[in-house]
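*Asks:* Before we start, here is the structure in question, set down as structure tokens.
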Amino acid sequence: MTDHTLQLLVDRAAIADTLHRYAAGLDHGDADLLTSALTEDATVDLTPATGKIGLDFPVLTPRETVVGVLIPAVGPLDTSHVISNIRTTVDGDTANARAYATAQHFPPGDGPKPDRTRQALMMNRYDADLVRDGETWRIRRLTIDSAWFSGDPKILTGE
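Set out below in structure tokens:
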């Protein structure tokens, strides 16, 4: 195995970890974990996904705004984001990652109750530009588009 191949494997694992930190930060309402996945000038654009389900949601930038908006909006919900099918292209200290994210949302406290059926299930496509920050990869730009949606979109607005 060459040094280049080994570095590529390490980078791909670290990039996957970055996407997982982003999702886990949302699922656990953990601002520090979410922050660790983003550059200071990060931009998160959910408008392709939210627009398809009738929600008016702004593009979020920088990191302080991303965390300040997403943690109060998603953190209290009973959510689970599953990141899969990660494909990466690495070019030195920059990379692009594309992945699927299945995200299940229930109102706070309703997730574990089998008699609760009000939910919002999304299959999203992530397109992320990342940069290497020392040993850590961070998302500089994330665009989220929805492949399909099922349920009540008002759950995502706290209604």
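Going by full-length UniProt numbering, the letters in the sequence shown line up with residues 1 to 159, in that order.
By construction, the Cβ of each residue, glycine as well, lies at the ideal position given by its N, Cα and C atoms.
For the 8 Å Cβ check, are there 3 or more pairs between the region 24-44 and the region 135-145?
*Replies:* Verdict: yes, contact present.
*Asks:* Here's the rule I'm using: 16 or more other beta-carbon atoms within 10 Å means buried, otherwise exposed. How should Gly92 be labelled?
*Replies:* By the 10 Å Cβ count, Gly92 comes out exposed.
*Asks:* Compute the distance between the beta-carbons of Leu19 and Ala99, then report whether it is under 7 Å.
*Replies:* Yes.
*Asks:* Leaving aside the five residues before and after Ala31 along the sequence, list all residues of the same chain whose C-beta is less than 6 Å from its C-beta, in chain order.
*Replies:* For Ala31, where only same-chain residues beyond five positions count, the Cβ hits under 6 Å are Val67, Ile71.
*Asks:* Exposed or buried, Arg87, counting other C-beta atoms within 10 Å across all chains shown (16 or more means buried)?
*Replies:* Flag for Arg87 reads exposed.
*Asks:* Taking only three categories from DSSP, how would you classify His28?
*Replies:* It is coil, neither helix nor strand.
*Asks:* What number of angstroms, rounded off, separates the C-alpha of Met123 from the C-alpha of Asp11?
*Replies:* So the two alpha carbons sit approximately 26 Å from each other.
*Asks:* Apart from the five residues just before and just after Tyr22, which ones in its own chain have a Cβ nearer than 6 Å to its Cβ?
*Replies:* Result list for Tyr22: Ala37, in chain order.
*Asks:* Put Gln119 into one of helix, strand or coil per three-state DSSP.
*Replies:* Looking at Gln119 - three-state DSSP - the assignment turns out to be coil, as it is neither helix nor strand.
*Asks:* Gly158 to Pro107, Cα distance in whole Å?
*Replies:* Their Cα atoms are separated by approximately 8 Å.
*Asks:* Locate the alpha helix (DSSP H) running through Gly51, then write down its first and last residues.
*Replies:* Taken as a continuous stretch (DSSP letters only), the alpha helix (DSSP H) holding Gly51 covers 47-52.
*Asks:* Write down the C-beta distance between Tyr119 and Ile155 rounded to the nearest angstrom, noting that I regard them as a contact closer than 8 Å.
*Replies:* Contrary to the premise, residue 119 reads as Gln rather than Tyr in this sequence. Yes, they are in contact, since the Cβ atoms of Gln119 and Ile155 sit about 7 Å apart, within 8 Å.
*Asks:* Measure the Cβ-Cβ separation of Asp133 and Asn96 and say whether it is below 7 Å.
*Replies:* Taking 7 Å as the Cβ cut-off, Asp133 and Asn96 do not qualify as a contacting pair.
*Asks:* If you compare alpha carbons, which of Thr79, His28, Ile53, Leu33 is closest to Glu64?
*Replies:* When only C-alpha atoms are compared, the closest one is Leu33.
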